[in-house]
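S.K.: Using this note's numbering, read the sequence shown as starting at 330 and increasing by one per residue. Positions of the beta carbon are idealized from the N, C-alpha and C atoms, including for glycine. Keep in mind it's a predicted model, so treat the numbers as computed, not measured. Structure below; questions to follow.
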Amino acid sequence: MKFEDNLPIYYQIEQQIYYDIVLGKLQPGEKMPSVRQLALDFTVNINTAQHVLSNMQDKGIIYSKRGLGSFVTDDVNLILVLKDEIISKMFSDFLSKTKKIGLSNQDTIDKLQTFVLKEGPKNE
């Protein structure tokens with residue numbers, strides 16, 4: 330994973346794991362990689378990996394079982410909330426960029442609608 334300079338590394342790793350959960354690459358109840366494995370997978374310091382898992386546990390996205398490791402939450406509603414948060418962030422970033430280039434909200438809606446109609450049902 331290539332990290333962006335303007336965002337904390339732990340945050341970028343968390344976001345990647347959230348995407349993996351929302352996309353189903355990590356299933357509810359699935360065992361998470363250990364701290365050491367996470368550090369190796371993302372080539373980061375073990376303290377950074379621990380920070381990621383601690384934050385995710387604080388948010389309820391993962392839970393730990395003593396002696397067994399950390400697991401993805403079984404709470405499907407929490408995963409849906411996470412998905413909505415990711416979508417909101419994507420739309421917010423997109424809208425911010427369209428405003429920077431001078432598009433009004435209505436222009437953005439019109440262009441997005443045209444784009445979606447042009448793309449058709451490719452991914453449905």
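Can you tell me whether SER399 is buried or exposed, with buried defined as 16 or more other CB within 10 angstroms of its CB?
M.R.: SER399 comes out buried.
S.K.: Return helix, strand or coil for PHE423, following the three-state DSSP convention.
M.R.: DSSP places PHE423 in helix when its eight states are reduced to three.
S.K.: Which of helix, strand or coil does DSSP assign to ILE350?
M.R.: In this structure, ILE350 counts as helix in the three-state DSSP scheme.
S.K.: Which residues mark the beginning and the end of the beta strand (DSSP E) in which VAL401 is found?
M.R.: 398–401 is the span of the beta strand (DSSP E), which, as asked, contains VAL401.
S.K.: By Cβ distance, which residues of its chain are closer than 8 Å to VAL405, with the 5 residues on each side in sequence left out?
M.R.: Here the set comprises PRO357.
S.K.: Keeping to the same chain, check which residues put their C-beta closer than 7 Å to that of GLN435; ignore five residues upstream and five downstream.
M.R.: Cβ within range, chain order: n/a, list empty.
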